[in-house]
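Student: Which chain is which? The protein sequence lines are A and B, in order.
Heads up: the first sequence begins at 49 in our numbering, then just goes up one per residue.
Heads up: the second sequence begins at 1341 in our numbering, then just goes up one per residue.
For glycine and all other residues, C-beta sits at the position ideal for the given N, C-alpha and C.
Computed from a predicted structure; not experimentally measured.
First the structure, then my questions, so here it is.
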Amino acid sequence: MSERGGPGSVGRGDRPGPTPVSGSTRTGPTTEEAALAFEAAGVKTAPALTEENLRDLDRDLDARVFGAMQSISIRYLLLVGFLGSVVAFGAFAFGWQIYKGIGVAGINRPVFWGFYIASFVFWIGISHAGTLVSAILRVLKVEWRMPLTRAAEAMTLFALMIGGLFPIIHLGRNWRFYWMIPVPNERGLWPNFRSALMWDLLAILTYITASSLFLLLPLIPDLATARDRTRGLRRRIYGLLSFGWRGTQQQWHRLHVAMRVFTIVVIPIAVSVHTIVSWDFGMTLVEGWRSTVFGPYFVIGAIYSGMAALITVLVLVRRSLKLEDYVTLRHFDRLGKVLLAVSVIWFYMFWAGFLTDWYGGSTVAKLIQHEHLVGHSAVLFWTMMVVNVLIPFILLWFRRVRTSMTAMLVISLLVNVGMWIERFLIVTSPGINSLSYNWGSYTPQWPEIAIATATFAAFALLYVLFSKALPLISLWEVKESWRVDRWRREGLIEAESDVPPLTMGVPAVTGATAVTGATAVTGATAIGGRGGAS
Amino acid sequence: MVVDLDVCTGCQACAVACLAENNVGIVGEEEAAIGSAQHWIRIERYWDEGEYPEVRAQFLPVMCQQCGKAPCEPVCPVFASVHSEDGLNSQVYNRCIGTRYCAHNCPYKARVFNFFAPQFPSPLEQQLNPDVTVRSVGIMEKCTFCVQRIRRAREQARVEDRPIADGEIMPACVQTCPPGALVFGDAGDPDSQVSRLMASRRGIRLLEAFNTEPSVVYLKREGGLDV
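As structure tokens, then:
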């Protein structure tokens, strides 16, 4: 394999077009011709990449990513220590709550759910960014997603791991949580599948499984690259995790097929998960919760907060890992546009539910709205409206804002504050219910605040640890996109080619077109590590 | 059960009797102030329009309505809230893991939660009812219509080989109610006192719009006591 992946064979692409395919109206022009064509077209940012350039770029990318992974500074250790201690304090608060009783949290009758469930919905929402950016953009064959996918998929998994803890933390008897798991047990009792909470459990477990695989599958070639670039214990671990990846044609083919299947499968899973989370509320008899619009409303809310969280993470990762060349301003420009669009859709969905409740005339629902608009929760409600609707809508129209790191960081953080408030307002609305004698309010107590804070620290900690263990940028996909770009410019594949980057290495697809099978295969092989010979 | 709102004086004797009969924990002032008092039956007090002293209070005793279509039952993931064969809505304490979903879905807010392990300040621990479980921390509980009394009467009747007489079963609240505003009996028996009272034109069910088919019928106020 290594010979086929070597520079000699790949270099073939540099020479004037490969053997013209008979019957084809167009043969591949030379690199120089392509460069001239681009120059004539006024495309200044189109350097004619030779295979040598590409390999330099590859080396540079690898060096940066693996360099950052292997250097551990004092600042890094301090950060890990700080985040770790916040998490530890949260764990202490949880222990305290178990020891004293769930009553140390601010929940009461009638507000039986509080911070924990709001955080649960919030984190499950965050987890949607990974799926959206990665899977939807994969399906749509959007190429600028390349440097973003890994960071987004990791976010999905971490957010799910954290979000999935909250339903357990919030139980009255946390130590009995496994009674919800449908396994044969000594009590001879099956869980109640009519309960939306059971749907929740199954949906989240499914989503965790799917998103883990969705993260791990495209990691394999990069793990192989990591294996080839490290020594000692690290090498052995990476070797184990890369499942003997050698970059053979067959392996690439299987990876691409698996990714295509997963990309399609994971989207309905993600949508269903947040719909089911919304049904915890929407399917009840509780005024202010009972709603038909909650399903799509929660899904779009999840995408909204997820996109915002992704932007936050990207700004920070880009800066701390010095990835300015790969995660470019163009990416933020486009993410900003998506965020603007989602913001508008979110407001529309919110309004659809709000107006229906108001027009429906239910006394309790209207009282809850009254509290939101001018009552006790008005400050929270209007903060949410300003940061979720007004600020993004005014600012994100401007390219200068979308390409300013500070502005994007602030906006994305504000959106998530707003989305957190939104969940909080929904979860605590049963404070107003049908029998007014039982009205109550909710004030979070220190264990709830400590645990909620700890989960943010845990999320950051997982990310910080991840950044040292695995490449945060999907190396092979970035490299692949460069080659696709090059071949497109050289006319080896059509400009608006429907040859998706994912199938590029598969001769069955590309071999029949102007690209010779050999080039395609060897090009792909060169991307994913140095194969078995190393 | 029938609750005659014309007769209820709001004296709260039922609530005290219930605490004693059913081993309901004492939560203390602070918890009660945020609404977490454990009362299985509570007297809700509503003020009519008007300025003191020209104002009337209305009392509404609310306990679990033992709904025919109980909204608390389908939402429980672990079958802690189930329907019994005799139509009661029972709470199985040792199945409960404390999701509190049932409490949210109950429109009557009849369910109370053990946010802490129940306390029985001395000498209350001396009078715990041996027929009733003492609950633990983190589980949901609610009015059972004094199921222990129902079971005992049924077994007594079976031993004596006779049907249960009307008025033989008395939950603690019914037994205690000084003006006799609460009446308990078999609604399936057309000759029982509850059946006759339920047929009254004053009869209403609480929050009927939720379609929960409650077993408790309230006889609405038409005169009676001014309080």
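Comparing C-alpha positions only, which one of A/Ala506, A/Leu540, A/Phe514, A/Arg537 sits nearest to A/Gly132?
Tutor: Here the question's residue 132 of chain A lines up with position 84 in the first sequence. Considering only alpha carbons, the answer is A/Ala506.
Student: Can you check DSSP and say which residues form a bridge with B/Ala1397?
Tutor: Position 57 of the second sequence, counted from the start, is the residue given in the question as residue 1397 of chain B. Its beta-bridge partners are B/Trp1387.
Student: I'd like to know whether the C-beta of B/Cys1358 is nearer than 8 Å to at least one C-beta of chain A.
Tutor: Taking the first residue of the second sequence as position 1, residue 1358 of chain B is located at position 18. It does not; no Cβ of chain A falls within 8 Å.
Student: Answer yes or no: do A/Pro39 and A/His379 have a C-beta to C-beta separation smaller than 8 Å?
Tutor: Nothing about residue 39 of chain A can be reported from this structure: the residues present for chain A run from 49 to 582 only.
Student: Go ahead and label A/Asn486 buried or exposed: buried means 16 or more other beta carbons lie within 10 angstroms of its beta carbon, across all protein chains shown.
Tutor: Along the first sequence, one-based indexing puts residue 486 of chain A at 438. Per the 10 Å Cβ criterion, buried.
Student: Would you say B/Ser1532 lies against chain A (beta-carbon separation less than 8 Å)?
Tutor: The residue labelled residue 1532 of chain B in the question sits at position 192 within the second sequence. Not an interface residue.
Student: Closer than 7 Å by C-beta to A/Asp270: which residues in its own chain qualify, once you throw out the five before and the five after it? Chain order, please.
Tutor: Counted from its first residue, the first sequence places residue 270 of chain A at position 222. Result list for A/Asp270: Pro519, Ser522, Leu523, Trp524, in chain order.
Student: Classify B/Gly1375 as buried or exposed, calling it buried when 16 or more other Cβ atoms lie within 10 Å of its own Cβ.
Tutor: Stepping through the second sequence from its first residue, residue 1375 of chain B is reached at position 35. Per the 10 Å Cβ criterion, buried.
Student: Residues in the segment 469–503 of chain A with C-beta within 7 Å of chain B's C-beta atoms, listed in sequence order?
Tutor: Pro478, Asn481, Ser482, Leu483, Tyr485, Asn486, Gly488
Student: Taking Cβ-Cβ distances shorter than 8 Å, what residues in chain A pair up with B/Gly1368?
Tutor: Here residue 1368 of chain B corresponds to residue number 28 of the second sequence, with the count starting at 1. Taking the beta carbon of B/Gly1368 as reference, no residue of chain A falls within 8 Å; the closest one sits roughly 11 Å away.
Student: So which residues on chain A does B/Glu1384 lean against when the C-beta distance must stay under 7 Å?
Tutor: If you number the second sequence from 1, residue 1384 of chain B lands on position 44. Simply Leu483, Tyr485.
Student: Between which two residues does the alpha helix (DSSP H) carrying A/Asp270 extend?
Tutor: As a working mapping, residue 270 of chain A is identified with position 222 in the first sequence. From DSSP, the alpha helix (DSSP H) with A/Asp270 extends over 267–277.
Student: When you compare only the Cα positions, how much space is there between A/Leu225 and B/Asn1363?
Tutor: One-based indexing of the first sequence puts residue 225 of chain A at position 177. One-based indexing of the second sequence puts residue 1363 of chain B at position 23. Just to set this straight, residue 225 of chain A is Phe in the shown sequence, not Leu. Looking at the two C-alpha atoms, the distance is approximately 26 Å.
Student: Note down, in chain order, every chain A residue with its Cβ under 7 Å from the Cβ of B/Tyr1621.
Tutor: In this structure chain B extends from 1341 to 1567, so residue 1621 of chain B is not present and cannot be described.
Student: By a C-beta neighbour count over all protein chains shown, 10 Å radius and 16 as the cutoff for buried, is B/Gln1467 buried or exposed?
Tutor: The sequence position of residue 1467 of chain B within the second sequence is 127, counting from 1. Exposed: under 16 other Cβ atoms inside 10 Å.
Student: Mind checking whether A/Glu528 and A/Tyr164 have CB atoms under 8 Å apart?
Tutor: If you number the first sequence from 1, residue 528 of chain A lands on position 480. If you number the first sequence from 1, residue 164 of chain A lands on position 116. In this structure, A/Tyr164 does not lie closer than 8 Å to A/Glu528 by Cβ.
Student: When DSSP labels each residue in this structure, what does B/Glu1425 get in the three-state scheme?
Tutor: Taking the first residue of the second sequence as 1, we reach residue 1425 of chain B at position 85. DSSP places B/Glu1425 in coil when its eight states are reduced to three.
Student: Step through the CB atoms of chain B and report whether any lies within less than 8 Å of the CB of A/Trp161.
Tutor: Here residue 161 of chain A refers to the residue found at position 113 of the first sequence. For A/Trp161, the answer is yes, since a Cβ of chain B falls inside 8 Å of its Cβ.
Student: Taking the continuous beta strand (DSSP E) assigned at B/Leu1559, which residues delimit it?
Tutor: Translated into the one-based positions of the second sequence, residue 1559 of chain B becomes position 219. Unbroken beta strand (DSSP E) run through B/Leu1559: 1557–1559.
Student: Compare the Cα-Cα distances from A/Val152 to each of A/Ala141, A/Ile317, A/Asp533 and report the closest residue.
Tutor: As a working note, residue 152 of chain A is residue 104 in the first sequence. A/Val152 has its Cα closest to that of A/Ala141, out of A/Ala141, A/Ile317, A/Asp533.
Student: Name the chain A residues that come within less than 7 Å of B/Arg1353, Cβ to Cβ?
Tutor: Here the question's residue 1353 of chain B lines up with position 13 in the second sequence. It is worth fixing the name first, because residue 1353 of chain B is Ala in this sequence and not Arg. In chain order: nothing, as chain A lies at least about 18 Å away.
Student: Are there 16 or more other CB atoms within 10 angstroms of the CB of A/Phe241, so buried, or fewer, so exposed?
Tutor: Within the first sequence, numbered from 1, the residue matching residue 241 of chain A stands at position 193. With fewer than 16 other Cβ atoms within 10 Å, it is exposed.
Student: Are the C-beta atoms of B/Gly1520 and some chain A residue less than 8 Å apart?
Tutor: Your numbering for residue 1520 of chain B matches position 180 in the second sequence. Not one chain A Cβ lies under 8 Å of B/Gly1520.
Student: How would you label B/Pro1554, buried or exposed, when you count the other beta carbons within 10 angstroms and need 16 or more for buried?
Tutor: Taking the first residue of the second sequence as position 1, residue 1554 of chain B is located at position 214. Buried, since its Cβ has 16 or more Cβ neighbours within 10 Å.
Student: Is the Cβ-Cβ distance between A/Val475 and A/Gly162 less than 8 Å?
Tutor: Against the first sequence, residue 475 of chain A aligns to sequence position 427. Against the first sequence, residue 162 of chain A aligns to sequence position 114. Taking 8 Å as the Cβ cut-off, A/Val475 and A/Gly162 qualify as a contacting pair.
Student: Run the CB neighbour count on A/Gly553, radius 10 Å, all protein chains shown included, and call it buried at 16 or more, exposed below.
Tutor: Residue numbering aside, residue 553 of chain A sits at position 505 when the first sequence is read from its first letter. The predicted model places A/Gly553 with a pLDDT of 38, which falls under 50 and marks its position as unreliable; any figure quoted below should be read in that light. So A/Gly553 counts as buried.
Student: Would you kindly report the start and end of the unbroken beta strand (DSSP E) that includes A/Val159?
Tutor: Residue 159 of chain A sits at position 111 when you count from the first residue of the first sequence. First-last for A/Val159: undefined, no H or E at that position.
Student: Just reading off the alpha helix (DSSP H) that A/Val435 is part of, what are its end residues?
Tutor: Working through the first sequence from its first residue, we reach residue 435 of chain A at position 387. First-last for A/Val435: undefined, no H or E at that position.
Student: Kindly list, in the order they appear in chain E, the residues whose Cβ is closer than 7 Å to that of A/Phe225.
Tutor: This model lacks chain E altogether, as its protein chains are A and B.
Student: Can you check whether the C-beta of A/Asn240 is within less than 8 Å of a C-beta belonging to chain B?
Tutor: Here residue 240 of chain A refers to the residue found at position 192 of the first sequence. So, interface residue.
Student: From the DSSP output, in three-state form, read off A/Arg74 for me.
Tutor: For this step, residue 74 of chain A is matched to residue 26 along the first sequence. Confidence in A/Arg74 is poor, its pLDDT being 38 and thus under 50, which makes the residue's placement too unreliable to answer from.
Student: Is it true that the segment 429–445 of chain A meets the segment 373–393 of chain A, where meeting means three or more beta-carbon pairs spaced less than 8 Å apart?
Tutor: Touching, yes.
Student: Check the Cβ-Cβ distances between B/Arg1453 and every residue of chain A, and say whether any is below 8 Å.
Tutor: The residue given as residue 1453 of chain B occupies position 113 in the second sequence. According to the sequence provided, residue 1453 of chain B is Phe. The question's Arg does not apply to it. Taking Cβ atoms only, chain A reaches closer than 8 Å to B/Phe1453, which makes this a yes.
Student: Return the CA-CA distance between A/Ala498 and B/Thr1516, expressed in angstroms with no decimal places.
Tutor: Working through the first sequence from its first residue, we reach residue 498 of chain A at position 450. Working through the second sequence from its first residue, we reach residue 1516 of chain B at position 176. The alpha-carbon atoms of A/Ala498 and B/Thr1516 are separated by roughly 46 Å.
Student: Which residue spans inside the segment 1455–1481 of chain B form an unbroken alpha helix (DSSP H) run of at least 4?
Tutor: none
Student: Decide if A/Trp293 is buried, meaning its Cβ has at least 16 other Cβ atoms within 10 Å, or exposed.
Tutor: Reading the first sequence from its first residue, position 245 is the one you call residue 293 of chain A. Buried, by the Cβ-count rule.
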